[in-house]
Amino acid sequence: MRYAVLGGGKRYRPQLVYATGHLFDLPTALLDYPAAAVELIH
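Listed below in structure tokens is the structure:
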């Protein structure tokens, strides 16, 4: 649990998805599944 919560790199990739979505004015809720998918694939 500590590894999942405190691992800084684990939050970086999904943040890139949200930042890209923000550039294209996409709603945050639409980006939840792609952000999770990017993290799971990695």
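Counting the sequence shown from 1 gives a position; my numbering is that position plus 3. Yeah, the Cβ is synthetic: ideal placement off N, Cα and C, and Gly gets one too. All values reported here derive from a predicted model rather than from experimental measurement.
With 16 or more other Cβ atoms from the protein chains shown falling within 10 Å of its own Cβ, alanine 38 counts as buried. Residue range 31-44 is occupied by the alpha helix (DSSP H) that includes leucine 33. Counting every other CB atom within 10 Å of its CB across the protein chains shown gives valine 41 a total below 16, marking it as exposed.
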